[in-house]
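**Student:**
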Amino acid sequence: MISRRVLVWLAAASALGAVGAGGLAVLAATEARHVSAVMAHGVDGIGRLQGGRRVIWKGTPEYSLRLTWNDKSGKSRRADNVPISTTTAREIISGEQLLQVAAPIRYLAADNGSAPILKADGERRLGELNTRIWLFAGLALMGFLVAIGLLAGRRYLKP
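If you're matching positions, the sequence shown starts at 777 in my numbering and goes up one per residue.
1. How would you write the range of the beta strand (DSSP E) that Val858 sits in, first residue to last?
2. Could you check how far apart the C-beta atoms of Ala923 and Ala816 are, in whole angstroms? I think they sit under 8 angstroms.
3. Closer than 8 angstroms is the cut-off here; do at least three beta carbon pairs connect the stretch 856-872 with the stretch 888-904?
4. Return the residue from the list Arg908, Leu926, Ala928 and Val814 that minimises the CA-CA distance to Val802.
5. Counting Cβ pairs closer than 8 angstroms, one from the stretch 817-830 and one from the stretch 838-854, do we hit at least three?
6. What's the gap between the Cα of Ala886 and the Cα of Gly798?
7. Determine the DSSP secondary structure at Leu921, reduced to helix, strand or coil.
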């Protein structure tokens with residue numbers, strides 16, 4: 777029979793996992809808001825692809841690019857680690873080489889610290905982020921329900 781102490785530890789672990797999943801859902805939602813804002817209010821430009829990066833995160837590859845471009849005033853701007861969707865990465869990266877040297881981008885003219893997005897990748901990126909939001913929110917909800925269930929079931933155990 778499982779002791780009360782074990783149930784409390786399992787409930788605490790479930791609650792901690794739920795908080796972590798909720799935090800990841802918030803991060804994905806923040807990034808989705810940024811992508812939506814750039815798509816809606818961004819300025820078009822041509823970005824030069826300077827390099828890329830692939831990182832395995834949570835078991836899936838994450839791709840990002842290093843971009844440079846000139847804004848409307850002619851000032852040179854640069855952004856490192858601009859995330860792109862897996863589908864777009866497959867289209868422009870082959871092995872260790874970039875297949876394109878330039879791509880249409882959108883950026884927020886008023887915000888110098890804001891990352892641009894590839895125009896062709898905006899909708900794909902939003903789709904991936906929305907999937908992550910729902911996945912992490914579901915995991916958070918399941919974790920909290922498991923924690924509550926374990927704590928509620930503990931009173932039915934004999935000491």
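Even for Gly, the Cβ is constructed at its ideal location relative to N, Cα and C.
**Tutor:** Reading it off the structure:
1. The count along the sequence shown starts at 1 and reaches residue 858 at position 82. Segment Ser852 to Ile860, the beta strand (DSSP E) holding Val858.
2. As a working mapping, residue 923 is identified with position 147 in the sequence shown. As a working mapping, residue 816 is identified with position 40 in the sequence shown. So it is not a contact: roughly 39 angstroms between Cβ atoms.
3. yes
4. Stepping through the sequence shown from its first residue, residue 802 is reached at position 26. Selected option, being the one with the closest Cα: Arg908.
5. yes
6. Walking along the sequence shown from the start, residue 886 turns up at place 110. Walking along the sequence shown from the start, residue 798 turns up at place 22. Between Ala886 and Gly798, the C-alpha separation is close to 31 angstroms.
7. One-based indexing of the sequence shown puts residue 921 at position 145. Here Leu921 sits in helix by DSSP.
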